[in-house]
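Chemist:
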Amino acid sequence: MNGITRELIYSPGTQASPLLAALLADPLCNLHERDGNLLQKGEIGLFQSVIMDFFQEYGREFPWRSTTDPYQVLLSELMLQQTQTERVLPKYTEFIERWPDFTAMDAAPFSEILALWKGLGYNRRALALKKIARQAVVSYSGSLPQDLSLLLKLPMVGPATAAAIRAFSWNLPSLYLETNIRRVLIYFFFDAAESINDRELYLLLKELLPPEDPKSWYYALMDYGVFLKKMIKNPNRRSAHYTRQPGFENSNRQIRGQILTVFTESGKATRKDLYRYLSFSEERVDACLNSLMDEGFIAAADAAAAESEPVYMLKEIQ
DNA sequence: ATCCCGGTGA
DNA sequence: TCACCGGGAT
């Protein structure tokens, strides 16, 4: 309860807003029918109690929540970027069983990593995982640095992932703002406001962070945010940063995915092979293959004879 | 067909 | 600030 006792919550001198009073009585109260009540200044301790009470009763359990191993935390956070927990769950388990630490991941063939990654999407994360494993082994004794600025130097590790690694590996008090937490903050503290900037949310997040156990606090906030999402239309649409993706069908993302599938299944291929397998124009296939080469997914296989057509394959990362 | 989910590079 | 990256669920 973060030092907040029942007595304090219900003491006569404590004025709870109507929303908070309802939540204190029943954390699952009919939230989507509330009418514009915001949490008030001075209710932070009470808000923390509501969230932590909810967590004790309804908190979710995940394999990545029962470990403090930086490797397992990093793996889960990379997978959870833009990817829901249900889809991550089986993949995470497979990865941990097959490559249980940075050393194993460092030694793994990239083609196998990418093949197992299939289904999660955003394959650049698999590339980043491989590169981070190398750095962990070479520079960090098979672990990760605790320092925020060092974490931010790792590929595909931005503010959210770095904060998550610090909180979930070492329970260090970072500011962790991701989509479920953003939803909770917007819902409780910004009511009908539109175009809410993350800068404001970070300031609020800092005020709300309990002095102890940020790890449980962030688990609790996320779980409450997931609950909220089931109850109401997504408040994150009022975030200044909310965007929709264009459709997947007939997108470059689809072409890239199909190209990588050809390589994980066939090993090697020429451009003509790709034209045959994929039902997209040669120009689009060429452009996607080129960008995949630029990003380090694919390389030419050996030095082909000058007159023969180049053969491509997945690049081995080291 | 629409929704959802962080980081990068320009 | 903006476009881009991958799918699965519904």
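For the first sequence, position 41 matches number 697 in the numbering used here, and the numbering has no gaps at all. Beta carbons are placed, not taken as given, at the ideal position from N, Cα and C, and that holds for glycine.
1) Give me, in chain order, the residues of the same chain whose beta-carbon lies closer than 8 angstroms to that of G881; leave out the 5 immediate sequence neighbours on both sides.
2) Please report how far the alpha carbon of A957 lies from the alpha carbon of S767, in whole angstroms.
3) Keeping to the same chain, check which residues put their C-beta closer than 7 angstroms to that of F919; ignore five residues upstream and five downstream.
4) What would DSSP say about L730, mapped onto helix, strand or coil?
5) Could you tell me the alpha carbon to alpha carbon distance between E939 and D879, rounded to whole angstroms?
6) Curious, which full-length alpha helix (DSSP H) runs of at least 4 residues does the segment 746–793 contain?
7) Here's the rule I'm using: 16 or more other beta-carbon atoms within 10 Å means buried, otherwise exposed. How should D762 be labelled?
8) Straight-line CA distance for L976 to T817?
9) Once you ignore the five residues that flank L734 on each side, which residues in its own chain have a CB closer than 6 angstroms to its CB?
10) Do you know offhand how far E850's Cα is from G923's?
11) Here's a check: name, in chain order, each residue in its chain whose Cβ is nearer than 8 angstroms to the Cβ of C944, leaving out the five neighbours to either side.
12) Just how far apart, CA to CA, sit Y933 and V967?
13) Measure the C-alpha to C-alpha separation of T670 and P756 and round it to an integer number of angstroms.
14) Are there 16 or more other CB atoms within 10 angstroms of the CB of L937, so buried, or fewer, so exposed?
15) Would E742 be called buried (16 or more neighbouring beta carbons within 10 Å of its own) or exposed?
16) Would you check if the distance between the CB atom of A792 and the CB atom of F751 is smaller than 7 angstroms?
17) Inspect the CB distances between the segment 820–830 and the segment 715–726 and report whether three or more fall short of 8 angstroms.
18) Would DSSP call M708 helix, strand or coil?
19) Compute the Euclidean distance between the alpha carbons of E863 and R893, then round it to the nearest angstrom.
20) Do you know offhand how far E868's Cα is from I707's?
21) With C-beta atoms as the reference, is Q802 less than 7 angstroms away from W826?
22) Starting from the Cα of E905, find the closest Cα among R927, T899, I888, S935 and give me that residue.
23) Can V941 and L948 be called in contact, C-beta distance under 7 angstroms?
24) Using a threshold of 7 angstroms, state whether the C-beta atoms of Y748 and S722 are closer than that.
25) Check the DSSP bridge columns for S895 and list the partner residues they point to.
Modeler: Straight from the coordinates:
1) Here residue 881 is taken as the residue at index 225 of the first sequence, counted from 1. Counting only Cβ-Cβ distances below 8 angstroms, and skipping sequence neighbours, we find T835, N836, I837, R838, R839, V840.
2) As a working note, residue 957 is residue 301 in the first sequence. As a working note, residue 767 is residue 111 in the first sequence. Taking the straight line from one Cα to the other gives about 14 angstroms.
3) Residue numbering aside, residue 919 sits at position 263 when the first sequence is read from its first letter. Contacts found: A925, I954, M969, L970.
4) Locating residue 730 in the first sequence gives position 74, counting from the first residue. Helix, per DSSP.
5) On the first sequence, residue 939 is found 283 positions in, with the first residue counted as 1. On the first sequence, residue 879 is found 223 positions in, with the first residue counted as 1. Approximately 45 angstroms between the Cα atoms of the pair.
6) 758–763, 766–773
7) For the purposes of this step, residue 762 is identified with residue 106 of the first sequence, where counting begins at 1. It counts as buried.
8) Because the chain here runs from 657 to 974, residue 976 falls outside it and cannot be looked at.
9) Along the first sequence, read from residue 1 onward, the residue named residue 734 stands at position 78. Result list for L734: R781, L785, in chain order.
10) Against the first sequence, residue 850 aligns to sequence position 194. Against the first sequence, residue 923 aligns to sequence position 267. C-alpha separation (whole angstroms): 49 angstroms.
11) One-based indexing of the first sequence puts residue 944 at position 288. Taken in chain order, the residues that qualify are N908, I911, R912, I915.
12) Mapped onto the first sequence, residue 933 falls at position 277. Mapped onto the first sequence, residue 967 falls at position 311. Straight-line Cα distance between these residues: approximately 15 angstroms.
13) Position 14 of the first sequence holds residue 670. Position 100 of the first sequence holds residue 756. Note that T670 scores 49 on pLDDT, short of 50, meaning its location in the model is unreliable and no value can be drawn from it.
14) As a working note, residue 937 is residue 281 in the first sequence. Position check: residue 937 holds Ser in this sequence, whereas Leu was assumed. Exposed, by the Cβ-count rule.
15) Stepping through the first sequence from its first residue, residue 742 is reached at position 86. Exposed is the call here.
16) Counting from one through the first sequence, the residue named residue 792 turns up at place 136. Counting from one through the first sequence, the residue named residue 751 turns up at place 95. In this structure, F751 does not lie closer than 7 angstroms to A792 by Cβ.
17) yes
18) As a working mapping, residue 708 is identified with position 52 in the first sequence. Of the three classes helix, strand and coil, the one that applies to M708 here is helix, per DSSP.
19) Along the first sequence, one-based indexing puts residue 863 at 207. Along the first sequence, one-based indexing puts residue 893 at 237. So the alpha carbons of these two residues sit roughly 23 angstroms apart.
20) For the purposes of this step, residue 868 is taken as residue 212 along the first sequence, with counting starting at 1. For the purposes of this step, residue 707 is taken as residue 51 along the first sequence, with counting starting at 1. Approximately 15 angstroms between the Cα atoms of the pair.
21) Here residue 802 corresponds to residue number 146 of the first sequence, with the count starting at 1. Here residue 826 corresponds to residue number 170 of the first sequence, with the count starting at 1. Yes.
22) Translated into positions along the first sequence, residue 905 becomes position 249. Closest by alpha carbon: S935.
23) As a position in the first sequence, residue 941 is number 285, starting the count at 1. As a position in the first sequence, residue 948 is number 292, starting the count at 1. No, these two residues do not count as a Cβ contact at 7 angstroms.
24) Here the question's residue 748 lines up with position 92 in the first sequence. Here the question's residue 722 lines up with position 66 in the first sequence. Not in contact: Y748 and S722 (Cβ atoms no closer than 7 angstroms).
25) Counting from one through the first sequence, the residue named residue 895 turns up at place 239. For S895, which the question treats as bridged, DSSP gives the partners I852.
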